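Under numbering that gives the first Met the number 0, the residue at position 26 of the sequence shown is numbered 25, and the numbers go up by one with no gaps.
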Amino acid sequence: MAGRRGTDALALATMIAGLVLCLIGQICWGWVGLFLLLLGYAFYAYTFFRMLSRNWVKRERENAWFLSIWRPVASWFSMRRTIWKDRKFYKYFRCPNCRAWQRAPRGKGKIQVRCRGCGQEFYQKT
């Protein structure tokens with residue numbers, strides 16, 4: 000299988016979407032279930048087409064487009080997970096100037112913070 004790239008982030012996402020649609024299609028009744036099942040199979044077919052395609056330049060361009068949309072979403076969820084995990088010990092906030100994330104220990108009262116990104120100083124309650 001020379002000249003093929005295999006799986007990438009878009010292939011994995013379409014495979015998972017196809018699996019979810021097939022599972023929901025199995026649960027639903029009537030034409031809705033059939034439509035979801037066929038849509039899931041279409042996602043599978045598109046995934047295998049992308050994996051076996053030799054036009055890897057176009058596939059990389061498609062993957063780059065997908066990642067330009069997916070990365071901010073994944074980053075947002077990752078930051079929410081970090082904030083939730085550290086909520087007892089750290090206070091997370093954003094710089095009012097450059098919107099960079101900052102972190103300070105909880106329970107210190109009102110402190111002066113200097114942004115690592117832009118150097119602006121501001122006060123924040125922890």
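Glycine residues also receive a C-beta, built at the ideal position from the N, C-alpha and C atoms.
Values in this document were obtained by computation on a predicted structure and should not be read as measured data.
Next item on the list: Figure out for me which residue from L38, I26 and S74 has the closest Cα to the Cα of I15.
Entry: The shortest C-alpha separation from I15 is found at L38.
Next item on the list: Determine the extent of the alpha helix (DSSP H) in which P71 is found, giving its start and end residues.
Entry: Segment W55 to K84, the alpha helix (DSSP H) holding P71.
Note to self: Quick check on G116: buried or exposed, where buried means 16 or more other Cβ atoms within 10 Å of its Cβ?
What the structure shows: Exposed, because fewer than 16 other Cβ atoms sit within 10 Å of the Cβ of G116.
Check: For F88, which three-state DSSP category applies?
Finding: The answer is coil: DSSP assigns F88 none of H, G, I, E or B.
Notebook entry, point to check: Between A8 and K109, what straight-line distance do the alpha-carbon atoms span, to the nearest angstrom?
Noted result: Rounded to the nearest angstrom, the two C-alpha atoms are 43 angstroms apart.
Notebook entry, point to check: Under the rule that 16 or more other beta-carbon atoms within 10 Å means buried, what is N54, buried or exposed?
Noted result: Sixteen is the threshold: since fewer than 16 other Cβ atoms of the shown chains lie within 10 Å of the Cβ of N54, the residue is exposed.
Notebook entry, point to check: Given that a residue counts as buried once 16 or more other Cβ atoms are within 10 Å of its Cβ, and exposed if not, what is A10?
Noted result: Taking every protein chain shown into account, the CB of A10 has 16 or more other CB atoms within 10 angstroms, so this residue is buried.
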